[in-house]
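Data first, discussion second: the structure below is written as structure tokens.
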Ligand SMILES: [Zn+2]
Ligand SMILES: [Zn+2]
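Protein chains in written order, with the numbering used here: chain A, 3 to 296; chain B, 3 to 296; chain C, 689 to 1006; chain D, 689 to 1006.
What follows is the structure in structure tokens.
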């Protein structure tokens, strides 16, 4: 795959600044690495060629859902599932409509998720990607429903599924109990999907927290995470109140999760597609030589 | 159940002295508690009335398999399964035949296990008991085969099963690889038994170690253990060589296993039968009110 | 001494007044029986007024009331001596914040589990304030597997402010444990009844909340986030829990309207903590009726019924 | 420098002699080609003599030889770049003493796992000398579940002196983990091939040893107890491992005779560590043939075949 132009379709949006503390130098040409102990200015074109990974420290800049799909899928093969689900405001929650409008304007997305199908290294797969830049990628009714429907589509097509989480927001507060129930809905949908016998792969990107980590993002057959991604049940603020043990340096990161056996691999962005392609290829290979079918 | 005479059928054999360090005062009337920090002399008749539990410190004296069956089963209901399996010497192992003869003479048993069926609080159940006093209750071909057959009998009769371990010897060295394979055989037999949907209960008594703990004794739906029972993968001697962490006070005991979530309850001998009876009664109850049958 | 919530103060005042009058009478004072009768009328009127007009925030207080019956009290009340508690996740430890085991309720064998809170300080620490660790959910999964094997219905009692988020719980995978527990629960082919008895606190609650029939006590709450946390996010002020409680729609009525809860179990006047025996018996009746209904379904129907139920949850336009 | 076992000394001596002669010739000395040819004949004769008459204790040394190919080398040799290693038990940690993942071997997709030893000190410590902790067996169980879900055959490579028995492994249930791993393996409805490549050490080995077809390398050993431990019990002298090795009947031939092992994979002259590529390719051929045969069986037949196989193991009179 020619990597030079892979980002061209998604240019213009620089994504969120996940760890920003350093001052940003506004520039069309340069972007500063937000890693505190780095802070290097990166030539934007080069950064995009490097898949938005800092060439000095390896910091993985956030990707939008579209960028993520371009990263993972074979060029030109993505076909979005148009479920046409429109976000409601079932609780009449204070400021929810305005918040949605703001994020829609900012991101150009209608919701925090994109779903569809395409090829990965030549193997057909379904894919869902949640996008941190839309309301922290939080899971509401539409996000949960989209995942459930995509799982049902994938099961019917006997296709493997890739679930990419950029869901730092967990279950979305603004839809109250209905967001919480999406945890159960997506877990149940995965349980049903698994009966079809196809591979599920979860990719945890920065951030993946709360109700999303505690549902579909932890239930893949294989779980990969990008280096340095924040991955945890609760965010720092909430937890600070209740901590008695001193947390380790890498607490609630991909590396911490790996050390504790929760994820299969911490995979740099440059190797992500290839790793997934190998997994899909093995799991989708003609199994007749190996197996009697049920 | 009248407890006064429950031991009369099994009198005469005082069992092994598991922790003996103190001198024994030979006496027909008294037995000394082998618990180092106790050492009280107990009036034998009273000790038997107390189910062979030291009235001062609670030390659980070992029971033979026959005593165990008398403890757990409703009086007069035990019916032994006569599989008539005769121990072989497939390896021509040094001293094995002599060792077997010695234990047969000492215990009056042919092998380290008794199997059969009976009622527990009125509920029908299959039961296997391994006896520490016969070659440390170690598992050989006959022990493994007896457990597998009993599980098959129980599955066919749709009866729950009680597996009592007094297997301090783990897999019996004298039958080499064949003893090791009994671990797999009994695990496989339990796997198959579980498909019948009946309750399995394991009772861990002093000692339960090695290949027995690492197979059927850890696979019951419910696992109970007697207080103070030594329960562990390896014995002290082997482990001493490799330990780097300092083991806790109660290392490799029933209480240690409980603390670490490996067993359901540490149950004093006096409550064992009642606990099992309740479990069997619930699991065997007419479930038609609660459930559609498959 | 009983804990008195702020909105209960008028009731508490009248109760003390009645007590004073009774003591007066008992000590041979003047006949105040008329006054007592009047005060008792007042009490009923004030109670009815207060409890039929509780704000969502009042309900949060009620749901958290430490005198409410807790899971083991429900089990003791419904199963009596038949209950055998099982312990341990067979992996790492036993979590006292989730209890469970085999029980016979109204002659029906069940697997029952739920969050466990306590009242005294020592007990609350032991129970980790009802906040379950990974081992708790893994013990629940063990019990679900046992229910599936024995073909026994599952009863899950929810009462937790949140799952434990300590360093240890993160390290041992609290997220994985909650996710796997929901996953397992979704795949059961036996009837599953869920009852929110007190606090239905976010992921910690739904972790054992995937049932065919979901009931909620009248003054219980069920929420995606604690109101204080919600207020902290919305208004940078965690003292505005009362406003957030309104916004979150976390009461039993709200939960029914949102299509999440099927049935509300009424509490005695003044709440479950006033008449524990009565509310336990109400719970038993509702549970028995629910299991009666579900027992008509086949294993596949139970699986599909539960799946469709959760599959429908959520609001969106198409 | 290569490790030289005591019984290999005569071979080593001749090899050094040949090397000396060759160096002499290379430096322009007298023509010693006849002497070299003779020495090479000697070498073959001595090798054949030694390796066809290894004592059980020699085989124990061979099986433990640190230059033998280890699990990841077998996988790399057979699966090449297709192998994706998976990590973690999703409960507590990742155990480097058991490795595994998805792989394609001769175009066939499989789940493969096995004990992992290492050669250098750091690597050996990292791999805990191939002694698996509970997390290793639980990772294997995860992989078995994945094999069952994806309908892929399972390949298990055994090479461990024993399971880990540290305080931590006892605390986290090494016994439970081994038992559950055998239990899960027994219940698989996909083909399972087990290969003892080096040390088949008691519970640590059988924990991942429940297969439809069980193969063993020519110089591997499979035993209920380490010979030294056996000697310590029998004769209170752990230096008599050689005697105990005879008594335990732990060679590949013994294991076949006892009805435990189905097939012996021959090693190159001098052992697997002399020609790793050759032995890996032999293992591949035997594995492929075994999976070809097993692929004819239905899921239920595979389950029954494995059950009957282990059900028959054991010797007794009736
Ligand atoms: Zn950088
Ligand atoms: Zn004593």
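All C-beta atoms, glycine included, are put in the ideal place defined by N, C-alpha and C.
- In this structure, residue 182(B) keeps its C-beta atom at 7 Å or more from the C-beta atom of residue 883(D).
- Here DSSP, grouped into helix, strand and coil, assigns residue 814(C) to helix.
- In this structure, 113(B) is the residue among 187(B), 113(B), 176(B) and 160(B) with its C-alpha nearest to the C-alpha of residue 168(B).
- Residue range 987-999 is occupied by the alpha helix (DSSP H) that includes residue 990(C).
- Residue pairing by DSSP places residue 796(C) opposite 793(C) in a beta bridge.
- By the C-beta density criterion, residue 208(B) is buried, having at least 16 other C-beta atoms within 10 angstroms.
- In terms of side-chain proximity, the C-beta atom of residue 51(B) is found no nearer than 6 Å to any non-hydrogen atom of ligand 2.
- CA-CA distance, residue 938(C) to residue 888(C), rounds to 9 Å.
- Taken in chain order, the members of the stretch 219-230 of chain A whose beta-carbon sits within less than 9 Å of a beta-carbon on chain D are 220, 223, 224 and 225.
- Residue 99(A) has its alpha-carbon roughly 28 Å from the corresponding atom of residue 71(A).
- Of the other Cβ atoms in all chains shown, 16 or more fall within 10 Å of the Cβ of residue 66(B); this residue is therefore buried.
- With a cutoff of 7 Å on beta-carbon distance, residue 861(D) and residue 822(D) are scored as near each other.
- With fewer than 16 other beta carbons inside 10 angstroms of its own, residue 700(C) counts as exposed.
- Straight-line spacing of the CA atoms in residue 61(A) and residue 35(A) works out to 7 Å.
- Of the candidates 49(A), 56(A) and 52(A), 56(A) places its Cα closest to the Cα of residue 38(A).
- Those residues that bring their Cβ nearer than 6 Å to a heavy atom of ligand 2 are 35(B), 37(B), 40(B), 42(B), 56(B), 58(B), 59(B) and 61(B).
- For residue 941(C), the enclosing alpha helix (DSSP H) covers residues 940-945.
- Contacts between residue 264(A) and chain D, judged by CB atoms closer than 7 Å, involve 776 and 778 in chain order.
- If one requires a minimum length of 4 residues, the alpha helix (DSSP H) runs lying completely within the stretch 858-898 of chain D are 862-874 and 890-894, in chain order.
- One Cα belongs to residue 732(C), the other to residue 979(C), and the distance between them is close to 35 Å.
- Close to chain D, meaning a Cβ-Cβ distance shorter than 7 Å, are the following residues of the stretch 844-878 of chain C: 860, 861 and 864.
- Between residue 777(D) and residue 838(C), the alpha-carbon positions lie close to 27 Å from each other.
- Per DSSP, residue 86(B) is not a residue of any alpha helix (DSSP H), being assigned neither H nor E.
- Excluding residues up to 5 positions away in sequence, 758, 759, 802, 803, 805, 818, 885, 886 and 887 lie with their Cβ nearer than 7 Å to the Cβ of residue 847(C) in the same chain.
- Of all residues in the stretch 139-152 of chain B, those with a C-beta nearer than 7 Å to a C-beta of chain D are 143, 144, 146, 147 and 150, reading in chain order.
- Closest by C-alpha distance to residue 787(D), out of 830(D), 901(D) and 986(D), is 830(D).
- Put simply, the CB of residue 829(C) is far from chain A, with every gap to its CB atoms at 7 Å or more.
- Residues of chain A with a Cβ closer than 9 Å to the Cβ of residue 1006(C) are, in chain order, 85, 86, 87 and 88.
- Out of 279(A), 91(A) and 274(A), the CA that lies nearest to the CA of residue 174(A) is found in 91(A).
- For residue 803(C), the beta-bridge partners assigned by DSSP are 786(C).
- Taking residue 825(D) as the centre and dropping the five residues before and after it, the same chain places the C-beta of 865, 866, 869 and 895 closer than 6 Å to its C-beta, in chain order.
- Under the three-state reduction of DSSP, residue 40(A) is assigned to coil, being neither helix nor strand.
- A direct Cα-to-Cα measurement between residue 900(D) and residue 267(B) gives close to 36 Å.
- Among the residues facing chain B, residue 837(C) is included, as its CB has a counterpart in that chain under 7 Å away.
- Of all residues in the stretch 246-278 of chain A, only 260, 261, 262, 263, 264, 265, 266, 267 and 277 come within less than 8 Å of chain D when Cβ atoms are compared, listed by chain position.
- Residue range 115-122 is occupied by the beta strand (DSSP E) that includes residue 118(A).
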